[in-house]
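A short worksheet on the structure shown next.
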Amino acid sequence: MRLCFLVEEHYRHDGMPNEVIGQLTAWGHRVDVVRPGGSLLRMTEAVDAGAHDAWVLKTVSGGPGLTLLEAAAAAGLTTVNDARSIRGVRDKALAAAIGRGRGLPLPPTYAVARPELLGEIPAAEYPLVVKPADGSSGRAVHLVPSPERLEALLPALAGEGMLIAQPYVPNSGTDIKVYAVGGELFATERCSPLHPDPSVRERRVPLSAEVAAIAAQVGSVYGLDLYGVDVLLGPDGPVVVDVNDFPSFRQVPDAAARVARAVLHLARAGGPAPAAPATLPYTLPLSIPAQAAAQVPAAAQVPAAAGDAG
1 MRLCFLVEEH YRHDGMPNEV IGQLTAWGHR VDVVRPGGSL LRMTEAVDAG
51 AHDAWVLKTV SGGPGLTLLE AAAAAGLTTV NDARSIRGVR DKALAAAIGR
101 GRGLPLPPTY AVARPELLGE IPAAEYPLVV KPADGSSGRA VHLVPSPERL
151 EALLPALAGE GMLIAQPYVP NSGTDIKVYA VGGELFATER CSPLHPDPSV
201 RERRVPLSAE VAAIAAQVGS VYGLDLYGVD VLLGPDGPVV VDVNDFPSFR
251 QVPDAAARVA RAVLHLARAG GPAPAAPATL PYTLPLSIPA QAAAQVPAAA
301 QVPAAAGDAG
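For the sequence shown, position 290 (counting from the first letter as 1) is numbered 290 according to UniProt numbering, and the numbering increases by one without interruption.
Here it is as C-alpha cells:
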C-alpha cells in the first residue's frame, strides 16, 4: 500500500509517528511524508486522488496539516482519523458541546473569544481550569483559584485566541490516560499537568469497567479510531477532561506495530470498520455500580478489528 503521512515540525523527531512509518516501510509499504508546516503547498495540486490509499495526520492542534487532510477527505480519499472527527476534538469548545450532548461525563464548559469575558463566570465555579480551545501538549493550561487570580492572568491569555474554562475537578493529582488502538484499550497513570510531581512516573495500570466503557463511548461519540482520552477520577466518578486524535501511545506494548496494523486496516476498509460485538461494546452504560466495577485487563477490547501486518 502507499500511504501519505502529514507530520508537522513539532513531531519531526518524535517516536510517534516515525516508528510507525518505519514499521510500515519494513513491511514493504510505501510511505510518503509531507511536512505541511515547513513546505510551500500548491493547494490546487496538493491532493492527488490516485496517489495514496490513505492519508494519516500527526500534528499539533491549529497546525496546517488538518487543512490538507480535509482537502484529501473532500476529494473522497481515506483519512486516518476521519477529518471531520479530528476537527470535532481539536476544537475543545466544540468537543465539549458534542460530548455533553451525547452523554459523556465532561465538566461544564465556558468558551470566550476574549479573555476578559472570563470575568463573567460566577465566583461559585472557582477554581477554574483555563486553556486554549485549540491547545495541545499541555500548552497554556492554567489552574485559576479565584477571580482575583484570573484578573492577574489576563495579559498571559491575551494571545491565545478562543479560550475554554471548566470548573476544577478535585482529584488525586494523577490522570488516567486511556489509549485506543486496533480495537483495544490501554490505560496508563501519569502526573497531572496541573500538579507536576517529578516522583510520579507514567505507568500501565488496570482499567476499570466504568472507565473502559467511557473510553469506548468516546470513540463512538466522536467517530475516532486511533485516540487517547484523559480521565480524572473525581468525587462524583470519572470525568473526561481531554480527547486526542493520534496521541503518543506511550506505555502501549508494541505500539508502533499496533498502530501500523490499525492504519493498514482502516486504509484497506476505506474508513472506520462497522461496530461488532466485543468484550466492551459501545452500548455499555456509562455508570456501573461500584460492586460491579471489577478490574478488567489493561488491554480491554472495543469494537474494531486490526488488519494483518502485510
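Each residue gets a CB set at the ideal place from its N, CA and C atoms; glycine is no exception.
How many angstroms separate the CA atom of residue i from the CA atom of residue j?
i: Arg35; j: Pro122; result: 44 Å
i: Ala29; j: Gln23; result: The question names Ala, but residue 29 in the sequence shown is His. C-alpha separation (whole angstroms): 9 Å.
i: Ala71; j: Ser61; result: 17 Å
i: Ala124; j: Ser136; result: 28 Å
i: Leu256; j: Leu185; result: Here the sequence assigns Ala to residue 256, which means Leu is not the residue at that position. Cα to Cα, the separation comes out at about 15 Å.
i: Leu181; j: Val263; result: This sequence places Val at residue 181; Leu is not what is there. Straight-line Cα distance between these residues: approximately 9 Å.
i: Val33; j: Glu120; result: 46 Å
i: Pro206; j: Gly237; result: 17 Å
i: Met16; j: Ala96; result: 26 Å
i: Gly270; j: Thr67; result: 20 Å
i: Pro141; j: Lys131; result: Reading off the sequence, residue 141 comes out as Val, not Pro. Each residue's alpha carbon lies about 5 Å from the other.
i: Asp254; j: Pro235; result: 34 Å
i: Ala294; j: Ile214; result: Here Ala294 scores only 36 on pLDDT, less than 50, and its place in the model should not be relied on; the value that follows carries that caveat. Cα-Cα distance, rounded: 15 Å.
i: Val7; j: Gly63; result: 10 Å
i: Ala165; j: Glu202; result: 26 Å
i: Ala152; j: Pro127; result: 15 Å
i: Asp175; j: Val169; result: 11 Å
i: Ala158; j: Arg2; result: 43 Å
i: Gly99; j: Ala26; result: 39 Å
i: Arg42; j: Pro167; result: 44 Å
i: Cys4; j: Leu106; result: 34 Å
i: Pro145; j: Tyr179; result: 31 Å
i: Arg139; j: Val20; result: 25 Å
i: Ala51; j: Tyr110; result: 43 Å
i: His265; j: Gly183; result: 11 Å
i: Pro147; j: Asp53; result: 52 Å
i: Val31; j: Leu69; result: 16 Å
Going by other Cβ atoms of all chains shown within 10 Å of its Cβ, with 16 needed for buried, is residue i buried or exposed?
i: Arg90; result: buried
i: Pro155; result: exposed
i: Gly101; result: exposed
i: Arg258; result: buried
i: Pro289; result: Its pLDDT being 32, under 50, Pro289 is placed unreliably in this model, and the value from its coordinates should be taken loosely. Pro289 is exposed by the Cβ-count criterion.
i: His195; result: exposed
i: Arg114; result: exposed
i: Ser192; result: buried
i: Arg261; result: buried
i: Tyr11; result: buried
i: Gly38; result: exposed
i: Asp197; result: exposed
i: Pro274; result: With a pLDDT of only 40 at Pro274, under 50, the local geometry of the prediction cannot be trusted, and the value read off the model is given with reservation. Looking at its Cβ environment, which holds fewer than 16 other Cβ atoms inside 10 Å, Pro274 is exposed.
i: Pro108; result: exposed
i: Gly76; result: exposed
i: Ala187; result: buried
i: Gly173; result: exposed
i: Leu150; result: buried
i: Leu40; result: exposed
i: Ala212; result: buried
Checking the sheet assignment: what are the DSSP bridge partners for residue i?
i: Val33; result: Phe5
i: Glu160; result: DSSP, once it has assigned bridges, lists no residue as partnering Glu160.
i: Pro132; result: Leu163
i: Val231; result: Ile176 and Val240
i: Val56; result: Phe5 and Val80
i: Arg258; result: Arg258 is not bridged to any residue.
i: Leu189; result: The sequence shown places Glu at residue 189, not Leu. Paired residues: Ile176 and Arg203.
Hey, would you say residue i sits closer than 9 Å to residue j, going by beta carbons?
i: Asp14; j: Ser199; result: no
i: Ala209; j: Thr78; result: no
i: Leu104; j: Gln217; result: yes
i: Leu226; j: Asn18; result: no
i: Leu163; j: Val112; result: yes
i: Leu143; j: Val129; result: yes
i: Ala133; j: Ala93; result: yes
i: residue 396; j: Glu189; result: No answer is possible for residue 396: the residues shown for the chain start at 1 and end at 310.
Evaluate contact between the segment 241-249 and the segment 218-227, counting only Cβ atoms and requiring at least three cross-stretch pairs below 8 Å.
yes
Should the segment 39-58 be regarded as contacting the segment 79-86, the criterion being three or more beta carbon pairs within less than 8 Å?
yes
Could you tell me whether the segment 32-52 touches the segment 230-240, using the rule of 3 or more Cβ pairs below 8 Å?
no
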